[in-house]
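Participant: Residue numbers (full-length UniProt numbering): 1 to 276.
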């Protein structure tokens with residue numbers, strides 16, 4: 001594992017939505033059009049470095065003072081699509097989740113209560129002015145939620161060994177169709193549970209975006225938590241699809257086997273966060 005990976009790359013995966021320019025109102029549409037024409041191509045590493053810089057002051061900056069004007073850019077069938085970073089909004093949302101992820105004494109050291117309290121108050125005021133705001137990027141640390149894999153097929157998997165990098169991309173219409181079919185299968189074959197709840201949540205989020213959007217799952221820093229051979233052989237989307245197909249066919253044993261492969265693979269990754 002690279003010595004600097006724990007500093008430069010968080011062990012996190014990202015689910016991103018790239019929307020066509022037509023989905024944005026003016027003047028934001030004009031901003032993104034100019035941004036794309038300028039050929040800017042910031043990376044997830046660039047975003048991470050800027051976020052880490054806010055943690056260096058004393059006290060640390062829990063959430064950026066100003067919203068980011070950057071985005072990831074992709075071209076889909078000749079149509080320019082952008083995925084705004086919305087770093088400030090995502091910072092607020094992540095801050096709400098921290099109490100469930102870190103022990104209270106550690107959390108108080110990393111981000112003192114007074115800093116968190118001010119950030120929460122700022123978020124509440126901002127929410128009143130922006131009730132319909134939502135992030136274009138979802139983040140998952142130390143693993144990828146099983147429900148995210150349901151949106152993709154193994155054929156959409158793109159692995160770059162030299163970088164390394166692993167990602168999936170699919171049109172929004174396909175992601176929504178696969179999610180709806182997966183939900184129908186789960187509700188017809190098993191009791192409601194965490195997986196069903198996760199899919200419902202992701203489905204509601206997807207409905208917020210333009211139907212001609214692009215959906216991307218990027219393993220991000222998780223590639224550094226997986227040995228090279230395991231990363232190259234990772235077929236999590238295929239395992240998810242196989243499990244659902246087995247459920248539809250009434251083959252419980254095959255469904256359990258596929259789900260078991262997924263759980264074992266990602267349990268091993270989660271366990272690494274406690275290693276030294």
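From the three backbone atoms N, C-alpha and C, an ideal C-beta is built for every residue, glycine too.
So, residue 206 versus residue 17, is the Cβ gap smaller than 9 Å?
Facilitator: Their beta carbons are under 9 Å apart, which means residue 206 touches residue 17 by this criterion.
Participant: By DSSP's criteria, residue 160 is part of a beta bridge. Which residues make up the other side?
Facilitator: The partner list for residue 160 (beta bridge, DSSP) reads 165.
Participant: Give the straight-line distance between the Cα atoms of residue 177 and residue 26, rounded to the nearest whole angstrom.
Facilitator: If you take the alpha carbons of residue 177 and residue 26, they lie about 30 Å apart.
Participant: In chain order, which alpha helix (DSSP H) runs of at least 4 residues are fully inside the stretch 194-230?
Facilitator: The stretch 194-230 contains these whole alpha helix (DSSP H) runs: 194-206.
Participant: Would you check if the distance between the CB atom of residue 283 and the CB atom of residue 90 is smaller than 9 Å?
Facilitator: Absent from the structure is residue 283, since the part of the chain shown begins at 1 and ends at 276.
Participant: Just confirm the distance between the C-beta atoms of residue 13 and residue 222, as a whole number of angstroms; I'd bet it's less than 8 Å.
Facilitator: About 5 Å separates the two Cβ atoms, so the contact holds.
Participant: Could you check where the beta strand (DSSP E) with residue 16 kicks off and where it finishes?
Facilitator: Where residue 16 is concerned, the enclosing beta strand (DSSP E) stretches over 12-20.
Participant: Assign residue 71 to one of three DSSP states: helix, strand, or coil.
Facilitator: If DSSP states are grouped into helix, strand and coil, residue 71 belongs with the strands.
Participant: Please determine if the stretch 143-162 and the stretch 109-125 are in contact, where contact requires at least 3 C-beta pairs separated by less than 8 Å.
Facilitator: In short, these stretches do not touch, since the Cβ pair count stays below three.
Participant: Could I get the ranges of all uninterrupted beta strand (DSSP E) runs contained in the stretch 76-147, with 3 residues as the minimum, in chain order?
Facilitator: Within the stretch 76-147, the complete beta strand (DSSP E) runs of at least 3 residues are 79-84, 137-141.
Participant: Could you please give the first and the last residue of the uninterrupted alpha helix (DSSP H) stretch that includes residue 150?
Facilitator: Where residue 150 is concerned, there is no enclosing alpha helix (DSSP H), given that its DSSP letter is neither H nor E.
Participant: For residue 4, which residues in the same chain have their Cβ closer than 8 Å to its Cβ, ignoring the five residues on either side in sequence?
Facilitator: Note that residue 4 scores 38 on pLDDT, short of 50, meaning its location in the model is unreliable; the coordinates nonetheless yield the value given after this. Cβ neighbours of residue 4 beyond the five flanking positions: none.
Participant: Roughly how many whole angstroms lie between the Cα atoms of residue 101 and residue 81?
Facilitator: Their Cα atoms are separated by approximately 33 Å.
Participant: Who are the Cβ neighbours of residue 180 in its own chain at under 8 Å, not counting the five residues just before and after it?
Facilitator: So the qualifying residues of the chain are 203.
Participant: Enumerate in chain order the residues of its own chain whose CB-to-CB distance from residue 156 is below 8 Å, with the five nearest sequence positions on each side excluded.
Facilitator: So the list reads 168, 169, 170, 237, once near-sequence residues are dropped.
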